[in-house]
Structure formats: C-alpha cells, structure tokens
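Chains as they are written, first to last, in our numbering: chain W, 55 to 401; chain L, 55 to 401.
Backbone N, C-alpha and C define an ideal beta-carbon position, used for all residues, glycine too.
Source: prediction; values computed, not measured.
What follows is one structure encoded as structure tokens, with my remarks underneath.
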DNA sequence: ATTAGCACTCTCGCGCCGAGAGTGCTAATG
DNA sequence: CATTAGCACTCTCGGCGCGAGAGTGCTAAT
C-alpha cells in the first residue's frame, strides 16, 4: 500500500470526519467550502483521485463524491486519528455518576453501557468482570424448606452463582452451615477439577453438594462470560445505513446471540489493529459477514489474572472513532480501578 | 358497539388470521378463494362493509382490502380466539429443555425468553422472580483483602444481591462470619425498615454493615424488578411494519428503557383485557404512544406473596395472538412450578 | 504545481400512465 | 329476502422519461 502525502492524509481525515457527520458522499467543492481550504476544488480533486487510486477512498458511482473504504478507515484509525482525550467536564460527570452507584456491580455495568452508548451514539455492550479461572472463594448453603437448599457459590474475584438443590433427606440449617464451612475450608482456591479431587475427603452429606458445585464452577467454559449488558440499540437504528432493515437485523442478531459475542472476544486477543488496549474491527473484519457495514470497537478492563471484562461498541463504519475510543479508554481505566479496589483477593 | 352476526364473526376471524399471515390488506375475492368459502365475494363484501361500519375493520384507502382495527383485534382476542393449547410435542420439548438447565435461575430466564421469542416470532421480555416484599433471609460477609469486604444478601425468595464495602479497620474472616451470623439472627425475615429498628442491638462492627444492608434491601423500590431478559429483538425488525425505522426505534427504545417497562408492569394489574391471567394491550393501549403500531402480551408467573415475575411479548399488532398466549400460559405455569418447588420458604 | 473552465456522467425526484386489485351498487335470481 | 353476477369506479404501484443538480476528469492557462 502506497504512502499518501501529508496533504493527502489531511484530506483523508477531513473526508472521514465529514462523512461521519453527514453520511453522504463528500465532493471536492463541498470540502473546500465547508472547511475554508486555501486550495481550489480542482487541486482537491487531483488529490482525491490519487487517494482513490491508492484504495483509501471510493466512489459509489462515477459521478458522486468520495467515501472512505475499509482500508481508508483502517489507515485513519491506525495512523491519522489524533487521540483526543475526553473533556474534563465529561470525565468528572462520569466519575461522579459511578461514585453514586453504591458499589453494586450490576449498576456499574448498566452505567458503563449507558455512558458508552451515549458518548459513541452507537450500540454498546459490556460484560461483567469475570475471572479467567474460576476458583472457589466461599460456599454457602441456605435451607429454604424441607429438603430444598439454596447453594450460593462465591468465586475468587467476587462473582456469584446460585443453584437450587433438593436433598435426599431434610437437614437443619446448622448442619448445612457446618457442611458449607467444611467444604469451603477443603476447597478454597480450588477450581472445578481441584474440587473433584477432594471428593474422598467429604462426609456423606457434603457429597450431595459436590456435583452441583463442580458444575457451577465449570460453567464458564460453556456459557457466556457472565451477563452481557447492552445499551443504545436504538442508536444504531437511527443511522441511515441501518434503515435497510436487513442490515439492522444482522447487526441485532449478532448482539443478541451470546455465542457470537463470545467468539468475538476470543479473537480479540490476537489481532493486529490494537490501539493502546483498544481494538477496532472495521467492516466486520475477521469473517463477520453479518457486520460488513459495521465497525466494532473492543476494549478490555479489569485486573489480568483476577477478573477482566469487555467493553464493546457496535456502530456504522463511519462512527466517530475518536470519541468512541477515548470514552472506552477512560471507562476501561475507571472500571479497572473499581475492580482492583473491590475485587482484588490475592496478596 | 354493535354485535356482529355469527357469519360476520367468522369472517372477522378469517381476516385477522389472513392479515397476520400476509401483512397485506385482505380482499373479498382473495378470502373466498383462499379459504374455499361457499359464498360469493359479493356476499363477503356486504358483510365486510357491515364490519367496517361497526368499526372492526378499516380500509387503508378507498379501494384496498380490509385490515382489522384495534377494536377488531380487541374483539378477536376477547371473544373470538379459540384457546388452542400448545401441541404436546412442543410442551414436551420445552419441559425437557428446562429440565436440562441445572436449577440455575439465570438460565431459566434466558431459556424462557428464548422460547417465548421463538414461539411468538416476536420480541420477548422476562423478568426474574422477584419478591413483593424484600426481607432478609441470610447475610454473608466475605473478606477479600485487607479492609475490603464482599457482602452477599440473600433475600426471602432466593434473590441475591451483592455489595462491596470498605471497613474502617481490617477484620478477620472469623469475625466477619460471626458478625454476619449475628445480623442474620437478629434481622431474619425483616425488611429494610425492620432492619433499621434493630440498629441499637448491634455491635460496633456490625453497624458498619447496616446501612449497605438497608440499602440493598430497599433497592427494589427504585430500581427495576431485577434483571430483564430480552430475546427475539431481531424478530420484530423482520416484520414489515418495522421496516420504517422510526417505528422500530420507538419499540426498541421502550424495550431498552427499563423504567418504561416498570411502569408497564405496574399498570398490568388493573386493566380489563385480562384473558385468564394473560393480558393483551393492543396498539399501545393505555397511553403508550411509542407502541401505537404494536401489541403487548403480558403475563405473570410465580407464587403471589413470595416471588413473582413477568413474561412479555412485544410484536406487531397483527401478531399470532393465539400461539403467543398459549405459549405464555404454558410457560407461566411451568415457571410457577419451578418457583414453587425451589423458592418456597414459608410454611 | 495549481487552477479555471468545460464537457460529461450519473443519481434523484417528479410526473405520467397503464395494469391490477378491490370496492360499492344495481339488477337479476332462487 | 338473502344471495350473487356484472359493472363502473377508485386508488395504489411499478416502470418510464426527463430535467436539475452535483461531481468528476481532463485540458489549457498561469
């Protein structure tokens, strides 16, 4: 890929910006007038022709304005975009909102999704902080009625899972508490496999809880990484590229289908378009045919080795990458701090 | 409102059915041919004219076929629709799927939403079972690091809430467990107000947990009734009435906005279009301007007085009410049993 | 290297028109 | 008297043509 000149890069950035604003192909005359360029439209035309030749721009038809190609966006995101950090007032507002949230993970996630959707004017997705290995922190057994028991499994990192069990015999709450304590002591810091190895050490009563416990710990392998919080879905429907409902349906299906999102996170690690912890997938890069019209910005947060979560924004290819990325980076830092402050468990 | 004749009712039902199938205004000739009626199209025309006069049908324009009015749907749902119960095979499949779900509430909810969306071919929403009054069942305090503590609040009915706290002094896990036990004993079966009255009975250490606990118990008053599970959003985008993205956006916004959904559930109780526990709101009945094109089917499940949840389906006004309602009724029964079996706590 | 000028191309919106579908009405019929 | 065949009428919808507008590439002049 040929390297554009300084002026060509400048123009490319302008077109990306203008197209993001208007969603209409942008022409040379328009560009000159709207940005008070001190060159003529003919000069601009020459440069645009060059950029088109290089593959960064394309024309929807012979005589329309220019639109950035995927390649163009990639170049813009990777080399052109200046990292505008979020305005101080916005940062303060967001920080303040989080401080109001009473240390409730659920509310944090909702707020994060909401902020991300609002700032990016696109759809956002946030996953709750999730440990990379699920090891038991604490087990609690609560009698509900007769042989019914509620099992609460607290995982290292703070995640909580629950199961309902029916015992073969009624048992008192005292016995349950004692059993829970025993299991907790024997299995603390163990993952599902580790718990299984302890099987021989348990009392007959405790054995009734082992299978559900093992299963609760092992669950993460199959199921989505915890809850997925979505917000701003109606934002993307407002964009002209999604008025064609076929496109909109595809995008929505991706967001609904948790398995797809998981795949996506899995691939997050190994790609090359990393921007300081934030990844940008343009035009369904990497085989996401359903997202051919869209772009996806993905970031992670949390404490590696303890618990991490994912932030994502799905929007049209012409989304405001700058604002989206800086918001995401800010949120990622903020959430990472929250995770570190509250969830950290190893010393 | 005038009472239609037997034959008119028959034709009204046919039109509702046919319009649900094709989404196009249905004409007399079409009706006669497609359903092999043994009357002429002229006769049908006369009857349709009468039904139009009565307000059950309308014509999009002078010379188009007929479309049911809201009034027409209301009449259909209230008096015409025969309650087809779900085929046995479907019932068995669903029951089987639930039995696979390992007693995990989260998975039940997801499955319920998925089944409801699939059967109704529309968007579904399901709320987790939620106690009408939130009273403490069990409190657990888990030390995470230094002064950090994870508070797990189990509510009568099985719901779980968590908070992260920072204590003024580091405390051992033993002390925490003892304190949690003490609080549990003093406050079991109490709601947030009840907990507050016990304040004087607590040790200094215990006092640090009271405010967060009161707040966790009181939360339900402000926040949505637990998690809301959505599914099938892409279904409604597939419907022709939502290709006009403006309509689609409105509907989506309603589903996203949790506060709106809450309002909606609040009104659920007092309306008149009840069908054996399932309610049908047609055309945004009751002041839901954003849902003017849509209908909403709402049902509840659970054990009144202990924990209840809501099932909802949002789709175009011409949705398949029969299938939707019977699915919802079946699911409601199934979930109610699950709640009763696992969550019941009072004797 | 830049730019004014110009011929050329393509889309988009508009109005027109004929086909098709459906209606209401009237008159005939069992 | 209910039903129905026949018919004139109305309205939508898709295709077509056309002119305006926007944008381009090219050439020649600066």
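Integer-rounded CB distance, given that residue j should sit under 8 Å from residue i
i             : j             : result
residue 336/L : residue 128/L : 6 Å
residue 299/W : residue 296/L : 7 Å
residue 344/W : residue 167/W : In fact, because the Cβ distance is near 21 Å, the residues do not count as touching under 8 Å.
residue 230/W : residue 197/W : 6 Å
residue 205/W : residue 195/W : 6 Å
residue 58/W  : residue 108/W : 6 Å
residue 149/W : residue 388/W : 7 Å
residue 273/L : residue 215/L : 7 Å
residue 394/W : residue 357/W : 5 Å
residue 202/W : residue 381/L : Going by Cβ atoms, the distance from residue 202/W to residue 381/L rounds to 28 Å, so no, they are not a contact pair.
residue 243/L : residue 210/L : 7 Å
residue 126/W : residue 70/W  : 7 Å
residue 310/L : residue 287/W : 6 Å
residue 208/W : residue 192/W : 4 Å
Endpoints, the beta strand (DSSP E) within which residue i is located
i             : result
residue 343/L : Counting along the chain, residue 343/L falls outside any beta strand (DSSP E), and DSSP gives it neither H nor E.
residue 355/W : 348–357
residue 211/W : Here residue 211/W belongs to no beta strand (DSSP E), and DSSP marks it neither H nor E.
residue 168/L : Per DSSP, residue 168/L belongs to no beta strand (DSSP E); it is in the alpha helix (DSSP H), 159–174.
residue 91/W  : Premise fails: residue 91/W is in no beta strand (DSSP E) and is neither H nor E.
residue 334/L : 332–336
Close beta carbons around residue i, own chain, < 8 Å, minus the five adjacent residues each side
i             : result
residue 326/L : Residue placement at residue 326/L is flagged as unreliable, the pLDDT there being 47, under the threshold of 50; the coordinate-derived value follows with that caveat. Contacts found: none.
residue 249/W : 190, 241, 264, 267, 268 and 271
residue 354/W : 322, 331, 362, 363, 364, 365 and 386
residue 256/W : 236, 237, 240 and 264
residue 152/W : 162, 165, 388 and 392
residue 200/L : 224
residue 401/L : Note on residue 401/L: pLDDT 41, under 50, position unreliable in the model; the coordinate value appears next. Correct list: empty, nothing qualifies.
residue 262/W : 219, 221 and 222
Bounding residues of the alpha helix (DSSP H) (the contiguous stretch that carries residue i)
i             : result
residue 71/W  : 60–76
residue 116/W : Where residue 116/W is concerned, there is no enclosing alpha helix (DSSP H), given that its DSSP letter is neither H nor E.
residue 266/L : 258–272
residue 363/W : From DSSP, residue 363/W is part of no alpha helix (DSSP H) but of the beta strand (DSSP E) over 361–370.
residue 192/L : Where residue 192/L is concerned, there is no enclosing alpha helix (DSSP H), although the beta strand (DSSP E) it sits in stretches over 190–199.
residue 236/L : 227–241
residue 139/L : Counting along the chain, residue 139/L falls outside any alpha helix (DSSP H), and DSSP gives it neither H nor E.
residue 179/W : No alpha helix (DSSP H) holds residue 179/W; the beta strand (DSSP E) holding it covers 177–181.
residue 98/W  : 95–108
residue 247/L : 246–251
residue 124/W : 124–129
Cβ shell of residue i (< 7 Å), same chain only, five flanking positions each side left out
i             : result
residue 155/W : 161, 162 and 165
residue 134/W : 63, 66 and 67
residue 182/L : 159, 163, 280, 281 and 363
residue 73/W  : 80, 121, 122 and 372
residue 171/W : 177, 178, 285, 286 and 289
residue 56/W  : 108
residue 61/W  : 101
Same chain only: Cβ atoms within 6 Å of residue i, ignoring 5 sequence neighbours per side
i             : result
residue 233/W : 259 and 260
residue 77/W  : 294
residue 384/W : 140
residue 338/L : 345 and 346
residue 278/L : Low confidence applies here, because residue 278/L scores a pLDDT of 46, under 50, leaving its location unreliable; read the following figure in that light. 312 and 316.
residue 314/L : 308
Cβ-heavy atom distance, residue i to the ligand SAM, below 8 Å
i             : result
residue 152/W : Questions concerning the ligand SAM fall outside what the structure shown contains, since it holds no ligand whatsoever.
>> For a minimum of 4 consecutive residues, which ranges assigned as the alpha helix (DSSP H) are wholly contained in the stretch 279–307 of chain L?
In response: The stretch 279–307 of chain L contains these whole alpha helix (DSSP H) runs: 287–292.
> So, do the stretch 91–111 of chain W and the stretch 143–154 of chain W have three or more beta carbon pairs nearer to each other than 8 Å?
Replying inline: no
>> Would you call the stretch 73–92 of chain W in contact with the stretch 116–126 of chain W, where contact means no fewer than 3 C-beta pairs closer than 8 Å?
In response: Contact between the stretch 73–92 of chain W and the stretch 116–126 of chain W is present: three or more C-beta pairs spanning the two stretches fall below 8 Å.
> Counting pairs of Cβ atoms below 8 Å between the stretch 364–378 of chain L and the stretch 339–355 of chain L, do you hit three or more?
Replying inline: yes
>> Check whether the stretch 225–232 of chain L and the stretch 217–227 of chain W touch, using three or more Cβ-Cβ pairs below 8 Å as the test.
In response: no
>> Between the stretch 152–160 of chain W and the stretch 171–178 of chain W, can you find at least three pairs of beta-carbon atoms closer than 8 Å?
In response: Result no; under three Cβ-Cβ pairs closer than 8 Å.
> Do the stretch 306–315 of chain W and the stretch 286–296 of chain L meet, that is, are 3 or more Cβ pairs less than 8 Å apart?
Replying inline: Counting Cβ pairs under 8 Å, three or more are found: they touch.
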